[in-house]
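S.K.:
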Amino acid sequence: MSQDKSHNPFESSSAPKIETIRTPGGHEISFSPERGGIITSLKIGGKELLYMDEATFRDTSVSVKGGIPIMFPNAGPIKSSDFPGLKQHGYARSSSAWEIGTAEGDNFFSESLKANDDTMRTYPYNVELRIRGEIGKDSSISLRQEVINYESDKEVPVSMGLHPYFRVPSDEKKNIKFDFAGGDMIEAAVDQWANGDFISVDNPKVNDPDAVLRVVLPSVGTLIIDVSKEYKKIWVWSLPDKDFVCVEPVMRKAGGLVDDPEKIAPGDVLSAKINIRLENSA
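All residue numbers for the sequence shown refer to UniProt numbering, where the first residue is 1 and numbers rise by one.
The structure is reproduced here in structure tokens:
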């Protein structure tokens with residue numbers, strides 16, 4: 001694994017470091033433990049799949065717009081006093097306390113974020129969040145999100161997710177095809193989600209174990225996204241005049257950490273996964 005400054009054109013020594021795993025054929029995963037564990041780049045066959053706003057990555061006072069931010073313990077905003085101080089999308093994406101795992105290789109990495117004094121003030125549970133990334137022999141990319149409950153006598157509530165920013169020209173959003181159950185509704189609501197108001201649909205995997213998300217992105221190709229059933233919802237969102245669309249696997253509706261969380265028993269591990277393949281590269 002190597003440090004990669006390809007996402008930092010100024011090569012500033014103060015910019016968050018980026019680590020990269022790569023395999024022959026132009027397949028790469030880049031990530032930054034110093035910047036909330038964010039996945040900064042995914043490449044399949046040399047084709048970059050992710051959008052990245054470089055300025056927001058370098059400026060640690062703002063949230064990164066791009067890559068794949070890690071949403072934990074909540075996806076979306078919190079409107080309850082149950083977790084005072086817990087921000088939208090949780091604390092993981094803004095933490096600099098992520099650590100790189102010890103079992104990395106050319107095609108695999110792991111990183112983890114353990115509970116500490118800062119996290120316990122907003123989310124009072126002794127947990128460890130892990131992200132595992134792998135480049136498969138079939139040229140696919142997998143990301144696994146795991147939570148370990150170290151509490152001895154209480155359940156831990158979570159409603160986590162991933163926030164991929166996929167590349168697409170702003171003027172081509174109306175031409176994106178969402179080929180899966182609920183996709184017609186997403187396409188019909190493009191004026192809604194492309195202007196900052198997200199739309200939510202059920203993950204078809206929940207009812208059909210063979211279901212995948214087929215997303216046809218102009219200038220990129222067809223993404224085949226296999227989202228495990230633990231992520232019960234798919235959120236789609238973008239902003240005007242920005243070259244991205246977010247297709248976000250999340251465990252619950254917004255507010256789910258309070259209203260309807262997934263609960264992890266003492267000593268148990270919760271694991272969820274996405275797998276991404278690229279077909280018909282543009």
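Yeah, the Cβ is synthetic: ideal placement off N, Cα and C, and Gly gets one too.
A quick note: this is a predicted structure, and the numbers were derived from the prediction, not measured.
Please name the residue in Pro-164, Ala-254 and Lys-154 whose C-alpha comes closest to that of Ile-274.
M.R.: Taking the first residue of the sequence shown as position 1, residue 274 is located at position 274. The residue with the shortest Cα to Cα distance from Ile-274 is Pro-164.
S.K.: I'd like to know whether the C-beta atoms of Gly-256 and Gly-76 end up nearer to each other than 9 angstroms.
M.R.: Here residue 256 refers to the residue found at position 256 of the sequence shown. Here residue 76 refers to the residue found at position 76 of the sequence shown. Contact: yes.
S.K.: If you draw a straight line from the C-alpha of Ala-188 to the C-alpha of Gly-101, how long is it?
M.R.: Here residue 188 refers to the residue found at position 188 of the sequence shown. Here residue 101 refers to the residue found at position 101 of the sequence shown. The alpha-carbon atoms of Ala-188 and Gly-101 are separated by roughly 43 angstroms.
S.K.: Would you mind giving the Cβ-Cβ distance between Ile-68 and Ile-39, rounded to the nearest angstrom? I have them listed as a contact below 8 angstroms.
M.R.: Numbered from 1 along the sequence shown, position 68 holds the residue referred to as residue 68. Numbered from 1 along the sequence shown, position 39 holds the residue referred to as residue 39. 4 angstroms between Cβ atoms; contact.
S.K.: Beta carbon of Glu-230, beta carbon of Ala-272: below 9 angstroms?
M.R.: Within the sequence shown, the letter at position 230 stands for residue 230. Within the sequence shown, the letter at position 272 stands for residue 272. In this structure, Ala-272 lies closer than 9 angstroms to Glu-230 by Cβ.
S.K.: Go ahead and label Ser-281 buried or exposed: buried means 16 or more other beta carbons lie within 10 angstroms of its beta carbon, across all protein chains shown.
M.R.: Your numbering for residue 281 matches position 281 in the sequence shown. Looking at its Cβ environment, which holds fewer than 16 other Cβ atoms inside 10 Å, Ser-281 is exposed.
S.K.: Who are the Cβ neighbours of Ser-152 in its own chain at under 7 angstroms, not counting the five residues just before and after it?
M.R.: Position 152 of the sequence shown holds residue 152. The residues are Pro-266.
S.K.: Rounding to the nearest angstrom, what Cα-Cα distance links Asn-149 and Ala-115 in this structure?
M.R.: For the purposes of this step, residue 149 is identified with residue 149 of the sequence shown, where counting begins at 1. For the purposes of this step, residue 115 is identified with residue 115 of the sequence shown, where counting begins at 1. Roughly 10 angstroms separates the two Cα atoms.
S.K.: Within 10 angstroms of its Cβ, does Pro-33 collect 16 or more other Cβ (buried), or is it exposed?
M.R.: One-based indexing of the sequence shown puts residue 33 at position 33. Counting Cβ neighbours within 10 Å, Pro-33 comes out buried, since at least 16 surround it.
S.K.: Taking the CB atoms as reference points, tell me whether Ile-225 and Leu-213 lie closer together than 9 angstroms.
M.R.: Within the sequence shown, numbered from 1, the residue matching residue 225 stands at position 225. Within the sequence shown, numbered from 1, the residue matching residue 213 stands at position 213. In contact: Ile-225 and Leu-213 (Cβ atoms closer than 9 angstroms).
S.K.: Along the chain, where does the alpha helix (DSSP H) that runs through Trp-98 open and close?
M.R.: As a working mapping, residue 98 is identified with position 98 in the sequence shown. No alpha helix (DSSP H) contains Trp-98, which DSSP labels as neither H nor E.
S.K.: How many Å lie between Asn-74 and Gly-161 at the Cα?
M.R.: Counting from 1 along the sequence shown, the entry for residue 74 is found at position 74. Counting from 1 along the sequence shown, the entry for residue 161 is found at position 161. Cα-Cα distance, rounded: 7 angstroms.
S.K.: Return the CA-CA distance between Met-186 and Gln-192, expressed in angstroms with no decimal places.
M.R.: Within the sequence shown, numbered from 1, the residue matching residue 186 stands at position 186. Within the sequence shown, numbered from 1, the residue matching residue 192 stands at position 192. First, the residue type needs correcting, since residue 186 is Ile and not Met in the sequence shown. Near 9 angstroms, if we compare the C-alpha coordinates of Gln-192 and Ile-186.
S.K.: Straight-line CA distance for Pro-24 to Asn-107?
M.R.: Numbered from its first residue, the sequence shown carries residue 24 at position 24. Numbered from its first residue, the sequence shown carries residue 107 at position 107. For Pro-24 and Asn-107, the distance between alpha carbons rounds to 10 angstroms.
S.K.: Nearest-angstrom Cα distance between Ile-264 and Ser-140?
M.R.: Reading the sequence shown from its first residue, position 264 is the one you call residue 264. Reading the sequence shown from its first residue, position 140 is the one you call residue 140. Each residue's alpha carbon lies about 29 angstroms from the other.
S.K.: Where Ile-131 and Glu-172 are concerned, what is the direct C-alpha to C-alpha distance, given to the nearest angstrom?
M.R.: The sequence position of residue 131 within the sequence shown is 131, counting from 1. The sequence position of residue 172 within the sequence shown is 172, counting from 1. So the alpha carbons of these two residues sit roughly 32 angstroms apart.
S.K.: Since Lys-98 and Ser-110 are thought to touch, with beta carbons under 8 angstroms apart, how far apart are those beta carbons, to the nearest angstrom?
M.R.: Taking the first residue of the sequence shown as 1, we reach residue 98 at position 98. Taking the first residue of the sequence shown as 1, we reach residue 110 at position 110. Note on residue identity: the sequence assigns Trp, not Lys, to residue 98. With a Cβ gap of about 11 angstroms, Trp-98 and Ser-110 do not count as contacting.
S.K.: Would the beta-carbon of Asp-16 fall within 9 angstroms of that of Thr-56?
M.R.: Locating residue 16 in the sequence shown gives position 16, counting from the first residue. Locating residue 56 in the sequence shown gives position 56, counting from the first residue. One point to set straight first is that residue 16 is Pro, not Asp, in the sequence displayed. Result no, Cβ atoms of Pro-16 and Thr-56 do not sit closer than 9 angstroms.
S.K.: Is it true that the CB of Val-250 sits closer than 9 angstroms to the CB of Met-71?
M.R.: Within the sequence shown, the letter at position 71 stands for residue 71. Within the sequence shown, the letter at position 250 stands for residue 250. Yes, Cβ-Cβ distance for Met-71 and Val-250 is below 9 angstroms.
S.K.: Using C-beta distances below 7 angstroms, list every residue in its chain close to Phe-178, excluding the 5 sequence neighbours before and after it, in chain order.
M.R.: The count along the sequence shown starts at 1 and reaches residue 178 at position 178. Answer for Phe-178: Ile-186, Glu-187 and Val-215, listed in chain order.
S.K.: Mind checking whether the beta-carbon of Glu-54 lies closer than 8 angstroms to any heavy atom of the ligand FAD?
M.R.: By its list of ligands, the structure shown contains no ligand whatsoever, and the ligand FAD lies outside what it can speak to.
S.K.: In whole angstroms, what is the alpha-carbon distance linking Glu-28 and Met-52?
M.R.: Translated into positions along the sequence shown, residue 28 becomes position 28. Translated into positions along the sequence shown, residue 52 becomes position 52. Using only the alpha carbons, I get a separation of about 15 angstroms.
S.K.: Quick one: measure Cβ to Cβ for Pro-209 and Gly-182, integer angstroms, because I've assumed they're closer than 8 angstroms.
M.R.: The count along the sequence shown starts at 1 and reaches residue 209 at position 209. The count along the sequence shown starts at 1 and reaches residue 182 at position 182. Pro-209 to Gly-182, Cβ: 17 angstroms. No contact.
S.K.: What's the C-alpha gap between Ile-135 and Val-247?
M.R.: Here the question's residue 135 lines up with position 135 in the sequence shown. Here the question's residue 247 lines up with position 247 in the sequence shown. The straight-line gap from Cα to Cα measures roughly 20 angstroms.
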